[in-house]
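In terms of the working numbering, the sequence shown opens at residue 715 and continues consecutively.
Ideal Cβ placement from N, Cα and C applies to all residues, glycine included.
These numbers come from a predicted model, not from an experiment.
Everything below concerns the one structure shown next.
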Amino acid sequence: MLIFTQRQPPNPDASVSFTLPLTAEERTRGRHRWETEDGQVIFTRLPRGVILQDGDILQSETHKEKVRITAKPETVLTVLAPTPLLLMRAVYHLGNRHVPVEITSSYLRLLPDSVLRTMLEQLGLEVIEETLPFQPELGAYGHHYSH
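As structure tokens, this is what we get:
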């Protein structure tokens with residue numbers, strides 16, 4: 715049984731034993747039992763409030779094993795707008811609802827929700843359902859690395 719207790723920032727050159735694909739919600743679980751695709755059981759015991767990001771490296775408590783976290787593709791709504799102002803309005807309305815949102819200059823991405831989809835479409839935005847990695851904003855206080 716492997717127990718991972720330390721998170722390190724992404725490092726594409728790091729040598730890892732395997733990768734662990736997790737959804738956005740799964741990446742919020744700092745203390746959890748996971749099973750790899752080949753059936754190996756591992757545990758994460760990270761400090762409270764840690765949110766894992768795509769590419770993060772976890773180190774085992776023995777310092778012998780490392781695992782790379784990847785953002786697992788999941789069903790999402792991608793929101794497109796004909797103007798930047800309309801995209802900003804969508805961010806405002808989603809933020810008022812405290813919805814996890816991935817924000818870029820050209821699109822927004824959120825988990826499927828029929829009520830929010832209807833609201834966004836009524837605002838004049840295009841909403842497309844896709845299966846992609848979801849990487850929502852961490853918020854103002856959400857990015858801390860433990861060493």
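Going by beta carbon distance, what residues of the same chain come within less than 7 angstroms of residue i, once the five residues before and after it are set aside?
| i | result |
| --- | --- |
| V867 | Shown here, the chain extends from 715 to 861; a query on residue 867 therefore has no answer. |
| F773 | The sequence given here has Gln at residue 773, not Phe. Contacts found: F718, Q720, Q722 and K780. |
| P787 | T845, L846 and P847 |
I need the DSSP call for residue i, collapsed to helix, strand or coil.
| i | result |
| --- | --- |
| E702 | An answer regarding residue 702 cannot be provided, because it is not within the stretch 715 to 861 covered by the chain. |
| S828 | helix |
| L801 | helix |
| H862 | Here the chain comprises residues numbered 715 to 861, so residue 862 is not present and cannot be evaluated. |
| E655 | Since the first residue of the chain shown is 715 and the last is 861, residue 655 is not available in this structure. |
| L716 | strand |
CB residue i to CB residue j, shorter than 8 angstroms?
| i | j | result |
| --- | --- | --- |
| P814 | P850 | yes |
| R741 | L766 | yes |
| A804 | L839 | yes |
| P826 | L791 | yes |
| L808 | L830 | yes |
| V730 | G744 | no |
Identify which residue in the options has its Cα closest to the Cα of residue i.
| i | options | result |
| --- | --- | --- |
| L846 | D727, E751, T737 and P724 | T737 |
| D752 | E739, R745, R759 and P735 | P735 |
| F732 | R743, I771 and T797 | I771 |
| R811 | S729, R759 and L834 | L834 |
For residue i, which residues in the same chain have their Cβ closer than 6 angstroms to its Cβ, ignoring the five residues on either side in sequence?
| i | result |
| --- | --- |
| G769 | P724 |
Let me check you understand the geometry: is the CB of residue i closer than 7 angstroms to at least one non-hydrogen atom of the ligand NAD?
| i | result |
| --- | --- |
| T758 | Summarising the ligand content, the structure contains no ligands, and the ligand NAD is consequently not present. |
Which residues share a DSSP beta bridge with residue i?
| i | result |
| --- | --- |
| T845 | T789 |
| V755 | E749 |
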